Amino acid sequence: MQNSPEFKLGRPHLEEGGRDIELGQPRIVESKEELEEKFKKYGKKLENGLGDFLVYISKGKESLERSMFERLKQTIREDMEGEDKDTTIPLAFVEVATQALSDMEGRVESIKEEGGIPTEADQSARETARTYLKEFSEIEDFLFSHSELYDALPDRSNLIEWLKNEKSFVESNLNDSALDEDHRKYYESVLKSEVPSIERYLKGLAGDHDYDALVANLTESISIQRRQLQDYLQEYVVTQKDELKPDMEEKLRIIFILSSLQAQLEGEQNEKRALKK
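The structure is reproduced here in structure tokens:
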């Protein structure tokens, strides 16, 4: 399922100097020089990561020519090191790469679920993905927290609103007479599996399995947005059309909102687990 919440944005947690800064806490005050150094540092990390994910960005499309790859690399360098910082393309690349890494990480479990035996190469790829995911998560936090697009954090009322909208979204689609059979079966499945978890959460009765279901829902919604963002980034790399940026920014806004809501749910779940110990 996916929905498009419309409310102001904030930022996810941010790690600075070994400290974990929780959701909603003020940003760290940085000097202009410190900020410039960080933009350069993370910009270099992104440039180094480009080669590893170039194939994935162009998966299912025409292969990107070397000149296009160099153009994206140059764009990221200019956006990260120029006088006027622009995080749109760097963030878009981070989200696309994060989805690629998540897919790599999940491949081992998928093979097991299908009755197969993961190879040594599969296991190695998973460990590599986990290493990269940690690094890209750090870059993502930095870029989101220094983007003017993300100026207010979704709160619990936004989470409640989103869950109610998700429930209504499923129910209204099931009442759509034009719905084809495959989609009807899908929404009927969601009605039986996820909607009860939403209802228990709204009543304050959610158990651990309900939190798992809601977090999984958000994970899938984020993945959908990232894959759609990949198409925009692919087109931008080829055409360099700046009019694509608003579409990418909107996808990034939704990804940020959904990620923030997911963090809230995971935080609540961890608190409940801790209280049971």
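Counting the sequence shown from 1 gives a position; this note's numbering is that position plus 16.
Think of the CB as a built atom: it goes at the ideal place given N, C-alpha and C, for glycine as much as any other residue.
A quick note: this is a predicted structure, and the numbers were derived from the prediction, not measured.
C-alpha distance - threonine 91 paired with glycine 59, whole-angstrom precision
Residue 91 sits at position 75 when you count from the first residue of the sequence shown. Residue 59 sits at position 43 when you count from the first residue of the sequence shown. Going from the Cα of threonine 91 to the Cα of glycine 59 covers about 10 Å.
Is the Cβ of methionine 96 closer than 8 Å to any Cβ of chain B?
Looking at the structure shown, chain B is missing, and only one protein chain is on hand.
Find the nearest neighbour of glutamate 134 within the set Met120, Val253, Arg146, judged by alpha-carbon distance.
Indexing the sequence shown from 1 puts residue 134 at position 118. A small fix is needed here, since residue 134 is proline in this sequence, not glutamate. The candidate whose alpha carbon is nearest that of proline 134 is Met120.
Is it buried or exposed, serine 275, if we count other Cβ atoms within 10 angstroms and call 16 or more buried?
As a first step, residue 275 is located in the sequence shown; it is residue number 259 there, counting from the start. Classification for serine 275: buried.
Enclosing alpha helix (DSSP H) for lysine 101 [first to last residue]:
Working through the sequence shown from its first residue, we reach residue 101 at position 85. No alpha helix (DSSP H) holds lysine 101; DSSP gives it neither H nor E.
Report yes or no: do three or more beta-carbon pairs, one from the segment 264–280 and one from the segment 134–153, lie closer than 8 Å?
no
Taking only the alpha-carbon atoms, compute the straight-line gap between isoleucine 176 and phenylalanine 85 and give it to the nearest angstrom.
As a first step, residue 176 must be located in the sequence shown, where it is residue number 160. As a first step, residue 85 must be located in the sequence shown, where it is residue number 69. Near 42 Å, if we compare the C-alpha coordinates of phenylalanine 85 and isoleucine 176.
Measure the CB-CB distance between valine 110 and phenylalanine 152 and report whether it falls below 8 Å.
Here the question's residue 110 lines up with position 94 in the sequence shown. Here the question's residue 152 lines up with position 136 in the sequence shown. Going by C-beta atoms, valine 110 is nearer than 8 Å to phenylalanine 152.
Whether leucine 268 touches leucine 107 by CB criterion (8 Å)
Mapped onto the sequence shown, residue 268 falls at position 252. Mapped onto the sequence shown, residue 107 falls at position 91. Yes, these two residues count as a Cβ contact at 8 Å.
Own chain residues within Cβ distance below 7 Å of glycine 283, not counting five before or after:
Taking the first residue of the sequence shown as 1, we reach residue 283 at position 267. Here the set comprises nothing.
Give me the residue from Ile240, Val254, Val186, Val211 with the minimum Cα distance to serine 118.
Position 102 of the sequence shown holds residue 118. When each option's Cα is compared against that of serine 118, the closest is Ile240.
How big is the Cα-Cα spacing for leucine 207 and glutamate 187?
Numbered from its first residue, the sequence shown carries residue 207 at position 191. Numbered from its first residue, the sequence shown carries residue 187 at position 171. Answer to the nearest angstrom: the Cα atoms are 8 Å apart.
Taking serine 161 as the reference, which of Glu46, Gln139, Glu236 has the closest Cα?
Start at 1 with the first residue of the sequence shown, and residue 161 comes out as number 145. Here the closest residue by C-alpha is Glu46.
Rounding to the nearest angstrom, what Cα-Cα distance links aspartate 224 and glutamate 94 in this structure?
To locate residue 224, count along the sequence shown from 1; it is residue 208. To locate residue 94, count along the sequence shown from 1; it is residue 78. Roughly 46 Å separates the two Cα atoms.
Isoleucine 214, DSSP secondary structure in three states
Position 198 of the sequence shown, counted from the first residue, corresponds to residue 214. Reduced to three states, the DSSP call for isoleucine 214 is helix.
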